[in-house]
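Single-structure report; data block below.
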Amino acid sequence: MNASDGEMAPAVRSILDAARAGVYETTRTTDIGGELAPLSDPEKYVDRDGDRFQVKERVKRLISFERHDLIRDRRKSGFQLVFCRNLLIYIDSEYKESVFDTVTGAVEPGGYFVVGMTESLPRDLRASFETVDKRRRIYRKE
Ligand SMILES: C[S@@+](CC[C@H](N)C(=O)[O-])C[C@H]1O[C@@H](n2cnc3c(N)ncnc32)[C@H](O)[C@@H]1O
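Following this line, the structure appears as structure tokens:
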């Protein structure tokens, strides 16, 4: 737990704890085995016990889990890969543009940006991103 976790609402803390635990069950979500199938060696990253998948410690050590409000908190930068899947449907229209600026601004030049399969880049941002995979909505910052 981070020092700042102590100031959080219990619900937020428990969400972060669940994320840090890194346990996924096929019965509660998608076919995880199928999602991992393209990897030549998924056992390098997860331990599998039937329908239960546990992300390995050495993978989790690379990840910092924290609460970040894209409307209220300070902008971040310098990311090589940003996933922003199915977020904007939750954002009121008055904040959409600034949230999009915030998340795309966090991607460093040459880095990748991924949105949900039913979403797309706003027209005014298309000039600064090259489409890598149109169907999967993967873009690369120029
Ligand atoms: C439909 S879920 C998508 C979750 C995940 N990205 C996915 O594709 O499965 C929408 C997410 O947006 C997050 N969200 C909503 N408002 C936010 C905000 N102001 N700042 C950061 N995240 C926000 C919610 O917490 C929720 O996890």
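Sequential numbering from 18 applies to the sequence shown in my numbering. Note that beta-carbon positions come from the ideal geometry of N, C-alpha and C, so glycine has one too. Please read all numbers here as calculations on a predicted model, not as lab measurements.
Taking Cβ to Cβ, would you say residue i is nearer than 8 Å to residue j?
| i | j | result |
| --- | --- | --- |
| R37 | F82 | yes |
| G122 | R92 | yes |
| D68 | E42 | yes |
| E136 | F96 | no |
What three-state label does DSSP hand residue i in the structure shown?
| i | result |
| --- | --- |
| I80 | coil |
| E74 | helix |
| A35 | helix |
| D150 | strand |
| E159 | coil |
| G127 | strand |
| Y62 | coil |
| R45 | helix |
| L105 | helix |
| D141 | helix |
Write down the C-beta distance between residue i and residue j rounded to the nearest angstrom, noting that I regard them as a contact closer than 8 Å.
| i | j | result |
| --- | --- | --- |
| V116 | L87 | 5 Å |
| R3 | V131 | Since the displayed the chain opens at 18 and closes at 159, residue 3 lies outside it and no answer follows. |
Going by C-alpha distance, which of the options is nearest residue i?
| i | options | result |
| --- | --- | --- |
| F146 | L79, L33, E159, D58 | E159 |
| G128 | M134, Y112, T148 | T148 |
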